[in-house]
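A short worksheet on the structure shown next.
There are 2 protein chains.
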Amino acid sequence: MAHRPKLSTVAAAAGVSPATVSQVLRGTGRISEETRARVLEAARAVNYLPDGRAAAMRSGENREIGLVLHHLANPFNAELVSGVSDRLERDGYLVSVLDSRDDAERQERNLRALIANMRGGLIWVPASGTDAATLDLLAAQRLPVVTFLHRVSPDLDHVELNNARALRDAVAHLADLGHRRIAFLGGTAPRAPRTDRIAGYLAAVAERGLGAPLVWPCEDSRRGGRDAILSLRAAHPDIGAVVCNGDMVALGACLGLASRGERAGREVSIIGFDDVAEAALATPALTTLSVMPYDLGRRLAERLLARMSDPAAAPTTLRIDATLVPRDTTAPPSPRRPIRSRRT
Amino acid sequence: MAHRPKLSTVAAAAGVSPATVSQVLRGTGRISEETRARVLEAARAVNYLPDGRAAAMRSGENREIGLVLHHLANPFNAELVSGVSDRLERDGYLVSVLDSRDDAERQERNLRALIANMRGGLIWVPASGTDAATLDLLAAQRLPVVTFLHRVSPDLDHVELNNARALRDAVAHLADLGHRRIAFLGGTAPRAPRTDRIAGYLAAVAERGLGAPLVWPCEDSRRGGRDAILSLRAAHPDIGAVVCNGDMVALGACLGLASRGERAGREVSIIGFDDVAEAALATPALTTLSVMPYDLGRRLAERLLARMSDPAAAPTTLRIDATLVPRDTTAPPSPRRPIRSRRT
DNA sequence: CCCCTCTGATATATCGTTATATTAAAGCCA
DNA sequence: TGGCTTTAATATAACGATATATCAGAGGGG
Numbered sequence: 016m017a018h019r020p021k022l023s024t025v026a027a028a029a030g031v032s033p034a035t036v037s038q039v040l041r042g043t044g045r046i047s048e049e050t051r052a053r054v055l056e057a058a059r060a061v062n063y064l065p066d067g068r069a070a071a072m073r074s075g076e077n078r079e080i081g082l083v084l085h086h087l088a089n090p091f092n093a094e095l096v097s098g099v100s101d102r103l104e105r106d107g108y109l110v111s112v113l114d115s116r117d118d119a120e121r122q123e124r125n126l127r128a129l130i131a132n133m134r135g136g137l138i139w140v141p142a143s144g145t146d147a148a149t150l151d152l153l154a155a156q157r158l159p160v161v162t163f164l165h166r167v168s169p170d171l172d173h174v175e176l177n178n179a180r181a182l183r184d185a186v187a188h189l190a191d192l193g194h195r196r197i198a199f200l201g202g203t204a205p206r207a208p209r210t211d212r213i214a215g216y217l218a219a220v221a222e223r224g225l226g227a228p229l230v231w232p233c234e235d236s237r238r239g240g241r242d243a244i245l246s247l248r249a250a251h252p253d254i255g256a257v258v259c260n261g262d263m264v265a266l267g268a269c270l271g272l273a274s275r276g277e278r279a280g281r282e283v284s285i286i287g288f289d290d291v292a293e294a295a296l297a298t299p300a301l302t303t304l305s306v307m308p309y310d311l312g313r314r315l316a317e318r319l320l321a322r323m324s325d326p327a328a329a330p331t332t333l334r335i336d337a338t339l340v341p342r343d344t345t346a347p348p349s350p351r352r353p354i355r356s357r358r359t
Numbered sequence: 016m017a018h019r020p021k022l023s024t025v026a027a028a029a030g031v032s033p034a035t036v037s038q039v040l041r042g043t044g045r046i047s048e049e050t051r052a053r054v055l056e057a058a059r060a061v062n063y064l065p066d067g068r069a070a071a072m073r074s075g076e077n078r079e080i081g082l083v084l085h086h087l088a089n090p091f092n093a094e095l096v097s098g099v100s101d102r103l104e105r106d107g108y109l110v111s112v113l114d115s116r117d118d119a120e121r122q123e124r125n126l127r128a129l130i131a132n133m134r135g136g137l138i139w140v141p142a143s144g145t146d147a148a149t150l151d152l153l154a155a156q157r158l159p160v161v162t163f164l165h166r167v168s169p170d171l172d173h174v175e176l177n178n179a180r181a182l183r184d185a186v187a188h189l190a191d192l193g194h195r196r197i198a199f200l201g202g203t204a205p206r207a208p209r210t211d212r213i214a215g216y217l218a219a220v221a222e223r224g225l226g227a228p229l230v231w232p233c234e235d236s237r238r239g240g241r242d243a244i245l246s247l248r249a250a251h252p253d254i255g256a257v258v259c260n261g262d263m264v265a266l267g268a269c270l271g272l273a274s275r276g277e278r279a280g281r282e283v284s285i286i287g288f289d290d291v292a293e294a295a296l297a298t299p300a301l302t303t304l305s306v307m308p309y310d311l312g313r314r315l316a317e318r319l320l321a322r323m324s325d326p327a328a329a330p331t332t333l334r335i336d337a338t339l340v341p342r343d344t345t346a347p348p349s350p351r352r353p354i355r356s357r358r359t
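For the record, the sequence lines run as chains V and E. Going by the working numbering, the residue at position 214 of the first sequence is 229; the numbering climbs one at a time, nothing skipped. Going by the working numbering, the residue at position 148 of the second sequence is 163; the numbering climbs one at a time, nothing skipped.
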């Protein structure tokens with residue numbers, strides 16, 4: 016057998032017509048038990064797998080879902096992917112993941128290829144610099160889309176975090192511990208998730224009457240966080256607590272403190288954002304704002320399924336609250352007061 | 016316009032036949048400059064994107080590549096994905112990533128869906144428990160495949176690491192520093208990459224005439240490494256150095272030591288495997304066996320491209336050497352002798 | 001002035017499925 | 001026995017693109 020088996024291969028092997036094979040495999044139409052068995056056996060024997068493209072083209076159905084995000088290496092995203100996949104695979108969908116690396120041009124390429132090749136639906140964390148042309152393109156394809164984190168259009172279903180509230184909670188936690196000078200650390204982009212967080216941070220600092228706010232930008236990565244905490248410590252030794260724009264930044268900051276012989280939760284209190292698996296595991300364990308990425312993925316998937324089943328419904332927005340998980344990197348500001356590690 | 020634009024939509028808009036539109040977009044046939052311009056303008060105006068499925072079906076070409084691996088959350092894999100994608104996107108392919116989570120059943124489902132929907136090629140890290148039926152299925156589809164890490168068939172192109180040699184280098188490095196009792200930490204599966212590493216480890220220990228070897232299994236994750244180093248320290252306090260089955264295990268082991276108030280490179284020397292980005296960044300910086308995952312991804316991609324361009328060629332095997340990168344978690348076994356942090 | 005080539009466009013068949021229409025055979029009832 | 005329903009299978013026409021064949025008209029040469 017020189018080529019891959021197709022419907023007619025199975026038909027020939029079973030001695031029936033291609034139409035019959037299709038009906039057997041799809042479970043439609045009237046087929047006698049005897050031919051059904053013969054067809055199934057033949058399909059198994061030649062290792063037949065249907066060509067989903069042809070099937071999808073004819074039937075109009077499509078069970079492929081694209082998931083486009085920024086940065087696969089971030090464990091938050093890895094957990095999100097698991098949540099999305101588990102939920103959608105349960106309904107027989109195939110989820111393929113693309114990493115735009117937050118580059119609008121790569122994202123555009125990826126989306127074009129994705130749309131060209133799979134027509135089911137899209138879960139999308141838009142990259143910075145996403146332009147209107149990309150949105151027009153998506154709209155024209157009538158593809159069910161759910162955006163996450165960054166809203167790019169009022170016409171698309173959207174899921175986002177309640178960032179302002181989360182930051183308020185974080186600042187409140189630190190203020191309750193007795194901290195007066197609290198900085199916000201991380202990010203550089205002047206767009207929605209980060210600006211919302213900063214707004215929440217500034218509002219909370221003002222409400223509580225705390226010391227002058229300080230926004231200290233850095234790349235959102237472990238390395239960025241490590242370098243930033245060092246420059247921050249050098250420039251503002253009086254900062255006693257830091258809320259970070261993500262766990263990777265926070266863990267990087269912990270590393271930075273460690274390299275100075277200091278320790279998060281002693282000289283400086285640190286709060287992350289995301290609650291990646293590593294946060295509970297680190298030493299000291301990271302206090303962070305948990306959004307349960309796996310569960311979030313599931314909810315994103317369900318939004319998309321809802322959209323696919325009713326393409327005409329009005330666009331929805333879902334806002335998810337983060338909950339503060341106190342661990343060992345936050346403590347009262349008493350100088351030189353070591354804390355005992357709480358096991359996790 | 017109620018539906019997504021297709022070739023005939025563009026044709027109508029430009030006042031030409033669908034065949035002409037196809038020729039313009041594909042750059043084939045003879046088309047006057049004037050109609051070409053009109054067609055391109057029309058395609059842009061209606062936001063046309065070709066249906067790749069129909070095109071692929073007719074032309075037999077396919078520019079979709081699947082990448083199936085174990086565990087997206089491991090940064091090693093994230094870097095690998097980048098390398099693969101960058102190389103293949105350069106040639107106009109779409110790479111979609113699936114995570115089998117090392118579960119043979121999920122892998123089988125994923126592969127079936129993948130093969131059904133995309134017909135270009137596959138880069139595959141087979142899960143444990145991959146069975147012959149899966150291999151038969153793949154073989155019957157005549158899909159170009161490159162396996163990575165785990166060889167499952169002599170008929171498929173394969174890329175693997177020279178694990179035995181890498182472990183030998185690691186043990187040699189520790190022995191040269193003066194260590195006598197060295198353990199191997201990590202993994203549980205009794206299959207190829209790990210058994211090769213253990214074999215190399217045992218051989219090196221024997222050759223060097225070191226103290227009794229010790230294989231200490233654990234889950235290959237940060238958590239697994241952390242827990243394992245604690246139980247290992249408790250059971251065998253005389254072990255002075257550990258070679259780990261991956262950087263995640265090694266970094267976990269460092270965390271475990273830290274939670275005891277110890278430090279990798281002081282009480283115990285630790286060597287990882289993979290050289291993920293975090294390794295150089297951690298405090299202390301992790302000594303590890305580097306395989307340059309990004310570059311490795313590129314090489315995998317090139318293997319696959321070669322296979323796709325010549326499906327009849329004999330299957331090849333590529334064996335990649337890891338190089339030891341000494342950083343701060345390895346040092347002479349002198350008790351209580353702190354080492355200076357080497358910046359990276 | 002007719003035949004031939006060249007150009008630029010269109011008509012048609014095809015890829016591998018599935019949905020629908022159609023047919024062949026069998027069973028039933030009067 | 002003849003018409004009518006029921007069952008089980010097949011024939012046929014799409015889906016949206018591309019490859020190939022075809023065609024109409026312009027220009028050129030004898």
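C-beta atoms are modelled at their ideal positions from N, C-alpha and C, and glycine is treated no differently. Keep in mind the model is a prediction, meaning the values are calculated, not measured.
Residue contact with chain E for H18 of chain V: present (Cβ-Cβ distance below 8 angstroms to some residue of chain E). Taking 9 angstroms as the upper bound on Cβ-Cβ separation, chain V lies near residues R124, N125, R127, A128, L129, I130, A131, N132, M133 and R134 of the stretch 123 to 139 of chain E.
At a cut-off of 8 angstroms between C-beta atoms, L270 of chain V counts as an interface residue with respect to chain E. The contact set of V160 of chain E on chain V, defined by CB atoms closer than 7 angstroms, is empty, because the minimum CB distance reaches about 13 angstroms.
The residues V83, S115, P141, A142, T145 and T149, in chain order, have a CB closer than 8 angstroms to that of Q122 of chain E in the same chain once the five nearest residues on each side in sequence are set aside. In the displayed model, R334 of chain V falls within a strand according to three-state DSSP.
Within 7 angstroms of the CB of A69 of chain E, the CB atoms of chain V belong to M72, in sequence order along the chain. Assigned with DSSP and collapsed to three states, E234 of chain V falls in coil, not helix or strand.
Secondary structure of L272 of chain V (DSSP, three-state): helix. Take T50 of chain V, set aside five residues on each side of it, and the residues of its chain with a beta-carbon closer than 8 angstroms to its own are A29, V31, T35 and V39, in chain order. The stretch 93 to 113 of chain V and the stretch 271 to 283 of chain V do not touch, with fewer than 3 CB-CB distances between them shorter than 8 angstroms.
Going by DSSP, E282 of chain E is part of no alpha helix (DSSP H) at all; its letter is neither H nor E.
One Cα belongs to E104 of chain E, the other to L229 of chain V, and the distance between them is close to 41 angstroms. Neighbourhood of L113 of chain V in chain E, by CB distance below 7 angstroms: S111, in chain order. Here DSSP, grouped into helix, strand and coil, assigns H173 of chain V to strand. Restricting attention to E:F91, E:G312 and E:T24, the CA atom closest to the CA of D66 of chain E is found in E:T24.
About 13 angstroms separates the beta carbon of P308 of chain E from that of L87 of chain E, a gap too long to meet the 8 angstroms contact definition. Measuring C-alpha to C-alpha distances from G261 of chain V to each of V:V340, V:G202, V:A327 and V:D151 identifies V:G202 as the nearest. The Cβ atoms of G81 of chain E and L152 of chain E do not sit closer than 8 angstroms to each other. At least one CB of chain V lies nearer than 8 angstroms to the CB of S100 of chain E. Not flagged as an interface residue toward chain E: R206 of chain V, since no C-beta distance is shorter than 8 angstroms.
The beta-bridge partner set that DSSP reports for D114 of chain V consists of V:L84. DSSP places A142 of chain V outside both helix and strand once states are collapsed to three, so it counts as coil.
F199 of chain V has V:V230 and V:V258 as its beta-bridge partners, per DSSP. V174 of chain E is positioned such that its CB atom lies no closer than 8 angstroms to that of L137 of chain E. Under a 10 Å Cβ-count criterion, E293 of chain E is classified as buried, with 16 or more other Cβ atoms of the shown protein chains found around its own Cβ. At a cut-off of 8 angstroms between beta carbons, A265 of chain E makes no contact with chain V. Between R313 of chain V and L333 of chain V, the C-beta spacing is not below 8 angstroms. In the three-state reduction of the DSSP assignment, G136 of chain V falls in the strand class. Distance from the Cα of T162 of chain V is smallest, within the candidate group V:Q156, V:A155, V:L171 and V:A154, for V:L171. In summary, the residues of the stretch 47 to 70 of chain E whose CB is separated from some CB of chain V by less than 9 angstroms are V61, N62, Y63, L64, P65, D66, G67, R68, A69 and A70, in the order they occur in the chain.
Under a 10 Å Cβ-count criterion, P326 of chain V is classified as exposed, with fewer than 16 other Cβ atoms of the shown protein chains found around its own Cβ. Under a 10 Å Cβ-count criterion, S236 of chain E is classified as buried, with 16 or more other Cβ atoms of the shown protein chains found around its own Cβ. CA-CA distance, V61 of chain E to L22 of chain E, rounds to 10 angstroms.
Spanning the alpha carbons of M323 of chain E and N77 of chain E requires a straight line of approximately 10 angstroms. DSSP places S32 of chain V outside any alpha helix (DSSP H), giving it a letter other than H or E.
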